[in-house]
Amino acid sequence: MRKHPCELLTKSPNVCNGCPRYINNHCYYHYVIYNVEQADNSYLKLKSESNSKIKNEVVQIELKKDIQKLLNLG
């Protein structure tokens, strides 16, 4: 495998999926493949983690408000 990048990787979309050398197993360069399923799973995981953090922050804010109300009552 050659260490310097293929010219295809310097152009958008920066992947080898459509390259005939990669498709025919004749590529000696380092190659990058776009995997739709992996990208989708990664996105869904990130989205779930972000939503979870937002929900936790909302719950914490509500708890702080409730505690402050109780402290104000004395």
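136 is the number of the first residue of the sequence shown in this note's numbering; add one for each residue after it. Note that the Cβ used here is the ideal one computed from N, Cα and C, for glycine as well. Note that the structure is predicted; figures quoted are calculated from it, not measured.
Pairwise C-alpha distance: residue j and residue i
i    : j    : result
Q203 : T145 : 56 Å
C151 : H161 : 12 Å
V171 : Y178 : 10 Å
E142 : I168 : 15 Å
N207 : E197 : 15 Å
Q195 : A174 : 32 Å
Sequence-distant residues of the same chain with beta carbon closer than 7 Å to residue i, five excluded per side
i    : result
R156 : C162
Proximal residues to residue i (C-beta, below 6 Å), its chain only, five neighbours per side dropped
i    : result
K200 : none
Y166 : C151, Y157
Simplified DSSP state of residue i, which is helix, strand or coil
i    : result
S183 : helix
P155 : helix
V150 : coil
Own chain, CB closer than 8 Å to residue i, minus 5 neighbours either side, in chain order
i    : result
G209 : none
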